[in-house]
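Take a look at the structure set out below.
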């Protein structure tokens, strides 16, 4: 029995956030369907930000409903505030991912309020969630710029740990530690992730890395050593942050799955199926920059995955 | 005092092996001069293969003599056989890097003889070296396809360790373990490098990684954990192997230096100077594929290098 490692595909949200093409709803859903067929069980399918800020997500409800209807994976959505969370709750989505920035400057640029105000907003979201009837919605607390900030520079590791603890106390069911701008290095990742995991107890902790400075997969290995077993990734390495200059690219889903499988983890995902899906996504998004080594070089003859997509 | 980590620039050899442009000798030497000015102290400056096989290296003697005359770094050359070694010895170069493949199939494709015959050739080279008067030439024994082979697939780790031990017994002053085709993963690297370091005792062991499948820097971190403190790298990620389909790219010198410095190692190299040099090299080699994240994204505000080029 190999140990499990979990991939959450965030391409339909983080990947589409900065692209030039407004992708039709049907193609967003085809992306989700293809990822699920490749074996991915968690997909962040859209963002409940106002459509006037990010027109790409004007069809957020429709995408979320379509993803829910598929039934083949667990869809989650990103929300920046209580209003977004309420939209997600109304659809009875199983998971909602809230994000704030550990860097005050980044939080201000992103949502025009202090990190403390964003924490209190999370508490309100959790309270609304707890008052709802029906199946309990899982709430993830995402901590952006946890490894540094293009505006402020260094971010205190103690502050990141404190935010993680407070999110957990306020009702987060998962903590997502994000290197939004690609500042993290493996030493820092190992240290901070050990501290966060130690501080939040049994609450699962995921990492969200960007490969902006080439250290994305090295950071995954460091996080694995610290005990992290869940990673956000984006097909073809799409992604970026509007407030992180040059911050192109999440870690690439295909390459991350490849590495995890080579390291002996069971991701349940078939790289070949992801590469086929990637060709479709590339054809839908002309003029975008796609990254990723496995799609270019091919799997090695020694690839030892036993993962079979369901 | 930070711990030292050593970078050997191999771009003028491995990087130029597959490019379309025959670079003039003056530009090859300008590359070496620029790398030395950035703080690099070891450069593999050329290859003593027959010019009819790789026309790029028709000026090997001229490059080696020019590099020696600079006096600002330690030049080494790659040699595939005794004939190449004799050319290097005649120039009184301080170091000669011999390479053979752990994979029989790759060794046959590369130099038309068995790995065992190549080992005996190394013994002859060491014997010739030992009989020479004057300053003792340092001999490195390079083990290509140590992590797998595009022709043969898996390569036995025990065989790699055995080759490393035999090279050492035959007089190697350094062992270079090479992932020629980009098959290595961090788990394998940690395991094999620990085994090689344990087996060859005090002889220094370097790693030579290709980033073909995106795991180059993750493999560097794994090698660091195993105790490796010396790495081959190529400016702008140039490089490839004629017998490794799709095997584009050594690990990128700038990105590797960046990561090592972020991890707290003292490389003595200034990334900014490498990026300036990279622009020159790119302008000399039109139509080539250059990789590397730092040159595109820039150093983070949190970059903590204290390395100053000499």
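Protein chains in written order, with this note's numbering: chain Y, 1 to 310; chain C, 311 to 620.
Ideal Cβ positions, reconstructed from N, Cα and C, are used throughout, including at glycine.
On a predicted model such as this, the values are computed, not experimentally measured, just so you know.
- When the Cα atoms are used, residue 4 of chain Y and residue 262 of chain Y turn out to be separated by approximately 13 Å.
- For residue 277 of chain Y, there are no C-beta contacts with chain C under 7 Å, since the nearest C-beta of that chain is about 18 Å from it.
- For residue 329 of chain C and residue 595 of chain C, the gap between their C-alpha atoms comes out near 8 Å.
- 8 Å or more divides the Cβ of residue 408 of chain C from the Cβ of residue 419 of chain C.
- Interface flag for residue 611 of chain C against chain Y is set, since a Cβ pair is found closer than 8 Å.
- Scanning chain C for C-beta atoms nearer than 9 Å to the C-beta of residue 132 of chain Y yields nothing, as the closest lies near 41 Å away.
- When the beta-carbon positions are compared, residue 405 of chain C and residue 348 of chain C stay at least 8 Å from each other.
- Listed in chain order, the positions of the region 520-544 of chain C with a beta carbon within less than 9 Å of a beta carbon of chain Y are 521, 522, 523, 524, 525, 526, 527, 528, 529, 530, 531, 532, 534 and 535.
- Residue range 138-144 is occupied by the beta strand (DSSP E) that includes residue 139 of chain Y.
- In summary, no residue of the region 3-17 of chain Y has a CB separated from any CB of chain C by less than 7 Å.
- By the Cβ rule, the region 559-570 of chain C does not count as touching the region 166-177 of chain Y, because fewer than three pairs are nearer than 8 Å.
- In the three-state reduction of the DSSP assignment, residue 609 of chain C falls in the coil class, being assigned neither a helical nor a strand state.
- Chain Y has a Cβ within less than 8 Å of the Cβ of residue 573 of chain C.
- At the C-beta level, residue 350 of chain C and residue 416 of chain C stay beyond 8 Å of one another.
- The alpha carbon of residue 331 of chain C has as its nearest neighbour, out of C:357, C:344, C:318 and C:365, the alpha carbon of C:365.
- Between residue 179 of chain Y and residue 147 of chain Y, the CB-CB gap stays under 8 Å.
- Residue 197 of chain Y and residue 164 of chain Y have their alpha carbons spaced roughly 9 Å apart.
- Distance from the CA atom of residue 598 of chain C to the CA atom of residue 592 of chain C, rounded to whole angstroms, is 8 Å.
- Chain C has no Cβ within less than 8 Å of the Cβ of residue 170 of chain Y.
- Residue 234 of chain Y and residue 10 of chain Y have their alpha carbons spaced roughly 5 Å apart.
- Under the three-state reduction of DSSP, residue 191 of chain Y is assigned to helix.
- Secondary structure at residue 216 of chain Y: helix, using DSSP grouped into helix, strand and coil.
- DSSP lists C:388 and C:450 as the bridge partner or partners of residue 407 of chain C.
- With distances taken between CA atoms, residue 275 of chain Y lies nearest to Y:295 out of Y:90, Y:295 and Y:229.
- In terms of beta-carbon proximity, residue 267 of chain Y stays away from the interface with chain C, with every pair separated by 8 Å or more.
- For residue 568 of chain C, a Cβ of chain Y is located within less than 8 Å of the residue's own Cβ.
- In the DSSP annotation of this structure, the continuous segment of the alpha helix (DSSP H) that includes residue 377 of chain C starts and ends at 370-380.
- Secondary structure note for residue 364 of chain C: it is in no beta strand (DSSP E), with a DSSP letter that is neither H nor E.
- Those residues of the region 140-152 of chain Y placed with their C-beta closer than 9 Å to a C-beta in chain C are 147, 148, 149, 150, 151 and 152, ordered along the chain.
- Taking 3 residues as the shortest admissible run, the region 529-587 of chain C contains the following complete beta strand (DSSP E) segments, listed from N- to C-terminal end: 540-543.
- Nearest CB-CB separation between residue 419 of chain C and chain Y: not below the 8 Å threshold.
- At a Cβ-Cβ threshold of 8 Å, residue 388 of chain C and residue 323 of chain C count as neighbours.
- In the structure shown, residue 604 of chain C falls within a helical segment according to DSSP collapsed to helix, strand and coil.
- The alpha-carbon of residue 469 of chain C is positioned some 55 Å away from that of residue 80 of chain Y.
- Using a 10 angstroms sphere on the CB of residue 512 of chain C, the tally of other CB atoms stays under 16, which defines it as exposed.
- C:481 is the residue among C:546, C:459 and C:481 whose C-alpha sits nearest the C-alpha of residue 436 of chain C.
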